[in-house]
Structure formats: structure tokens, C-alpha cells
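Chains as they are written, first to last, in this note's numbering: chain A, 1 to 348; chain B, 349 to 696.
Down below is the structure, laid out as C-alpha cells.
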């Protein structure tokens, strides 16, 4: 028995919902009658999407969470996934917690591991996830309509805030991190950083909300690359524009609700622009941005209640192309100041 | 527009069969009524599954071919695939031929690229392929029955022969490759090596044969890791054993049919054991090994004719566990001499 046969034991589970699971040339899946299969694939690379020394349990969770978040954005229910894994070595001390984090989230959503591949190579995790959605009911990026309200689930910016701080701390390892020099980014204290970091490393896919929004929302996308970027995808594919209320967006930052110290820090006038950049441009939050017609506002709130997920109205879809950022007084803010997070051009 | 948006242009094609293709959070696919979805995922890593300087057009072909081969082994018809790609850099000179090789094979089988992911990282290609098969008709590894004949499609051993020679030539680069020392493996001449190499680098997935074998074959698998290894999977999952006619297996080596020089070389008595190891244990041929009851022998040959794919009977399924190798006189050969190709333990 090879080293990698042993590894596969960490990942072999019963697959009662799939027709055929791990161990044959193919897995077999049968969506329910009248259902369409929603499919998404994400590849996470060490040193780019996560630090090489990231806690493997959290990493297992995150790899699947980012894929489940794509199902959520379509309003699909999870069915199954495949896992392809390249590993520098077969290290049980890494694989066991990784598989535990991965499979705990999978079990929580009834999402079965039905196949995949394992090989030696630089650490690379590629998951393809399958969900089902009633034919014609998937929430699409292309379905926004002029007059729609724009909503965001949960909170935004904490993952990005945590990442910026972790990167800064790593760059100043060995003494400097105790101090907080003027050139540093917004720096949260220990417990506040831990809360923000939890958002970065173990995001919550908004599956219940996505499903509750079927028949209510028009367009939806998950926020993996930043609100401006992902809302931009909706605008582009729907051939519409939008105005965004930056004051409402600023209220989305959960870090406000941390300690009094964090609230004071984030309230500092000279930092507000930086903080707003995290909220509007920061990636990795995996909340949903969606649009719905004003007359379904009560239905949106009902979907939020049944899924126990807060939603905040932050803007409106308009016919004029482009995205207009407005301050609390309704004045335009220059969008050039905010950039969407891009895994390719950004470090990390 | 980022560097990777440009890359995606190489891979963006119309997807008339899919409900929704590239560009949303998920792709949407709807298998036909009464159909099951067959799913397979393979990850290919530079330096392990292919040389870093491999011709990108052939590599594009091979990445999809190995996945289509899994569909063939199930008797499934290709529908679509996702491509996740980690690249050290966005090099159009590499990406254009890679996408051409990939999409030419995809088009030949009506297999649509419906989504995926692109990121920077050590070269890694992960494809997940989707096919459909009428419910209950998939060919499974677990379905072999005592008394079944064992067949192999096409020819075996050439890919492995080519790989061994290419590895040897690389180890002896810079002068020594002109000579043919006694310690070298079986060495084919230029045109013969090119033919064998074609089998290694651009394998042909046996899709038509796999589909023609629905309702005829019992068990099937594709030969990616070597005949002994992949037949072993069938035996293990079907809880049966088998006898293999090594003389018939030796006849599977296509290199016999190359030049007179190759035929003479491969006929040399002292090399026969080495050659047989390539046939029985060599990977990367992507032929099918399958079993069928003797009374359906004519139906097997009819499936071979309709799919224009040669098949050769090489053994029989037996109740006694284990795999017995027999020579032309029906005498046992020690199986310990032959080892299945293993991507993890093998070099390359």
C-alpha cells in the first residue's frame, strides 16, 4: 500500500446521497427531477491564497467554504464535491486536521466527497462542488434590473483588515510588532484581531440565505474579490449601473462592534478612508451581494430572518452605466481611490 | 483588465449544450431525463506527470484525454468540463498552444468548457469532467463475474517504453545519447521513438468503445497506472481473481509493428522480460481493460467494430483470489517480477 493510499483514508466517507462515490473511474450523481446541477471550481495555492503555515483545520474549512459560497450565490443546495490535492509530502500531522476541517463543513451541509485525485507536488488544493437548483431558478449575475435595491449580507472588511495586519506583522517580525508605528495599517488588538482573523480563515458560506432568496432576488454574486469588484461583475453582465451609499457600507464593518478600543481606532478620521477601502475593496469575506425589486423588500427581510442572516440595503441599480459612490450627504466620492482585491496582482 | 482576464480569452468558448457556461458564480448543467452524471477529476503537476518543457499543445490534449478516459471506462458520453490552472506566469506563447490542444480534443467530443479558475502558482492543471450515462448502465469496476473473459483495447506498453527512453536520454544528455550502451533500457530509433512518444503525450480516450460496451461488458477500467494495477482494481472491487495469458499480452505491444529494427530489438530474448514489464506494468496508455461473459463474445467484437477499436482477449475472471500470469504453455510466471506504475513512487 502506497503512502497516498493511507492519505486517502482520511478522506474516505460513506456517500449515501451519491449513486457511486470514491473508488471507481467516475463518481455517479443523479440530480432530482427538474433540477439543474450548479458547478463551481476553485484552486487554492500555498503562498498565494493562504500562508504556508496556516492552521490546516481552518484551511480545510476555507477550501470548501469558498466553493460552497459560489453555490450560495446561485441559490443552489450542496450535493457533493471532488477534491484534488497536490502535497509536497504525505504528512499525517497536516492531513488529519485538514481533513477534519474540510469534512466537518461538508457534513454540516450534507455535501459528500465523491472523488478526486492525490499527487505529490507543491501544495495545491482544487475543489469542484456540485449543487442542485430547480430549473430556471438559479440566481444569476446577469439578472439585475434597473430600480432594484442592492443588498449585502452580514459584514464586510474584517477579513481584509486581518490579512493586511497579518502581512504587516510578518514583514516586521522580531520585535517591531509590539509597537504600533504611524506607518502601520489599522492595527487591532489581540482579541479583536482574532475575531477578524476568524472571518478571514473560516468564512461562512451563506447557503441558507441564497436558497431563501430564490424567487425573491434578481441577481446575486458572492464577495470573494471585494464588494466593488463583485458588484461590478453583476453590473457588467446585467448591463446596468448603480449608486452605492458609502455611509451604509461603512456600517457593514463588523470590527466596529468589537472592543471599545477597535471602535475608537476605526473611528479615527484619518483612518476612515483606509477602513472604507477594506469594506468596499477587501476580499475574502464570502458574503452575498444581491439585488431585488423594492416591492419585494419585505420578502428579502423574511429571507434574512428564515436564514438567520442579516442583510443591509446599500444602494440601487440604475440605467446609467458605471458605479457611483455617494457619501452620507449624497455627494459623489472618487471611485479611483478604491480598488478591488485581486489575487493575481495582490501579494499574499 | 488584469493579466489573467486576457488568459481567459484563450479559453472562453460558446457553450450551447450547457444551461450556463463561464462567467457566473456557478455553471449550470442539466443531464437528460433518466441520465446519471459521471464525474472525474485529475490533477497534473509539472515535473511529476509531464516534463516542464513538454510541448504545450500535446499537454493540453493529454490533460483532457486522461479525464475523458475515465468517462470512457464508465461508458459515459462527455458533456462538459471545468479547468483550474495554476501558472508561474501568464505566458501567451505557452497558453495559446495549450488551449488549442485542449479545445481541439474537447470540440472533437462535444465536451464544453463551462468554468474553472486561474491563479498564479507552480504549474498545476486540474480538470473535472462531466459525462452522462443512462441510469444503471454505467460500467463499474465492481461488476466483474467469475467466468468473464478479460479484454484490452488497442495496444499497451508504448507510452511506458517512450517514457523510460526519454528519462534515460535526459539523464545522459550531452553526448552519451548517441551511443547505446549495454545498461540502457530498450532503445527505439528516431521514427519509432516518435510513434511511441505520440502514445505517451497524446493518448486517445476510448469513448466510442466505452459507450458501445454498455449492456455488453460487465466491469471496466481505464489503464492509467498499468494493466496489472488497473485490472487489480477490478479484481479487488469485484472480489474475484483472474488468469492472464502473457503471450497474448505480449502481442499487445504496438512497437512490434514499428520498423524492422524495433521488431528485431524487441524480439531479443534478453529484453523480453523488460518489454513484458512495459506491457503489463507500464502506465499512461489509457486503453480500456474490461470483462464480458463468453456468450457475449460476438457482441464485444461488434462493439469493437462499431467503435473502430481493436480489442484482444487476454484472460479470464476466476473465483480464486489473486492474479495468475501464465506463459504460452500455461505455466505460472512469478508476478513479483512485475510492478504497476505508480505516479507517487515512480520518478518523472
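Using N, Cα and C, we set each Cβ at its ideal position, and we do this for glycine too.
{"Item": "Cβ of residue 353 (chain A) within 8 Å of any chain B Cβ", "Value": "The structure shown does not extend to residue 353 (chain A), since chain A spans only 1 to 348, so no value can be given for it."}
{"Item": "Assumed close pair residue 470 (chain B), residue 434 (chain B) - CB separation to whole angstroms, cut-off 8 Å", "Value": "6 Å"}
{"Item": "Cα-Cα separation, residue 164 (chain A) to residue 200 (chain A)", "Value": "11 Å"}
{"Item": "Beta-carbon neighbours of residue 237 (chain A), restricted to chain B and to distances below 9 Å", "Value": "371, 372"}
{"Item": "Residues of the region 209 to 230 of chain A with Cβ closer than 7 Å to any Cβ of chain C, in chain order", "Value": "In the structure shown, chain C cannot be found, because the protein chains are A and B."}
{"Item": "Opposing strand residues paired with residue 499 (chain B) [DSSP bridges]", "Value": "B:638, B:661"}
{"Item": "Burial state of residue 154 (chain A), where buried means 16 or more other Cβ atoms lie within 10 Å", "Value": "buried"}
{"Item": "Residues that DSSP places opposite residue 333 (chain A) in a beta bridge", "Value": "A:325"}
{"Item": "Distance between beta carbons of residue 146 (chain A) and residue 317 (chain A), contact taken as under 8 Å", "Value": "6 Å"}
{"Item": "CB of residue 591 (chain B) within 8 Å of CB of residue 567 (chain B), strictly", "Value": "no"}
{"Item": "Cut-off 6 Å between Cβ atoms - residues of its own chain near residue 294 (chain A), not counting five sequence neighbours on either side", "Value": "149"}
{"Item": "Neighbouring residues, chain B, relative to residue 73 (chain A) (Cβ below 7 Å)", "Value": "373"}
{"Item": "Residue 287 (chain A) classed as buried or exposed, judged by whether at least 16 other C-beta atoms fall within 10 angstroms", "Value": "buried"}
{"Item": "Per-residue contacts from residue 470 (chain B) into chain A (C-beta, under 8 Å)", "Value": "45, 121, 122, 124"}
{"Item": "Straight-line gap, residue 12 (chain A) to residue 80 (chain A) (C-alpha atoms, nearest Å)", "Value": "13 Å"}
{"Item": "Beta-carbon proximity of residue 648 (chain B) to residue 588 (chain B), cut-off 8 Å", "Value": "no"}
{"Item": "Local Cβ density within 10 Å of residue 61 (chain A), reported as buried at 16 or more and exposed below that", "Value": "buried"}
{"Item": "Any C-beta of chain A under 8 Å from that of residue 379 (chain B)", "Value": "yes"}
{"Item": "Chain B within 8 Å of residue 84 (chain A), Cβ atoms only", "Value": "yes"}
{"Item": "Chain A contact for residue 367 (chain B) (CB, 8 Å cutoff)", "Value": "yes"}
{"Item": "Burial state of residue 440 (chain B), where buried means 16 or more other Cβ atoms lie within 10 Å", "Value": "exposed"}
{"Item": "Length-filtered (4 minimum) alpha helix (DSSP H) runs lying within the region 209 to 281 of chain A", "Value": "227 to 238, 246 to 250, 260 to 267, 272 to 281"}
{"Item": "Exposure label - residue 686 (chain B); buried when at least 16 CB within 10 Å", "Value": "For residue 686 (chain B), the predicted model reports a pLDDT of 47, less than 50, meaning its position is unreliable; a value from the coordinates is still stated below. Answer is buried; the Cβ neighbour count reaches 16."}
{"Item": "Neighbour list for residue 390 (chain B) in chain A, Cβ cutoff strictly below 8 Å", "Value": "84, 117"}
{"Item": "Neighbour flag for residue 181 (chain A) against chain B, beta carbons, 8 Å", "Value": "Legend: pLDDT at residue 181 (chain A) = 48, less than 50; position of this residue unreliable, value from coordinates given subsequently. No, residue 181 (chain A) does not count as interfacial toward chain B."}
{"Item": "8 Å contact criterion, which residue 601 (chain B) and residue 637 (chain B) should meet: CB distance rounded", "Value": "Between residue 637 (chain B) and residue 601 (chain B) the Cβ distance is about 15 Å, and since that is not below 8 Å, they are no contact."}
{"Item": "For residue 652 (chain B), three-class secondary structure by DSSP", "Value": "helix"}
{"Item": "Minimum C-alpha distance to residue 108 (chain A) - residue among A:322, A:261, A:207, A:271", "Value": "A:207"}
{"Item": "Spatially closest choice to residue 616 (chain B) from B:639, B:552, B:535, B:542, by CA coordinates", "Value": "B:535"}
{"Item": "Partner residues on chain B for residue 128 (chain A), Cβ-Cβ distance less than 7 Å", "Value": "389, 430, 476"}
{"Item": "Residue closest to residue 400 (chain B), alpha-carbon to alpha-carbon, out of B:515, B:659, B:625, B:661", "Value": "B:515"}
{"Item": "Within chain A, the residues that residue 384 (chain B) reaches when beta carbons sit closer than 8 Å", "Value": "19, 28, 29, 30"}
{"Item": "For residue 426 (chain B), the three-state DSSP class (helix, strand or coil)", "Value": "strand"}
{"Item": "Chain A contact for residue 488 (chain B) (CB, 8 Å cutoff)", "Value": "yes"}
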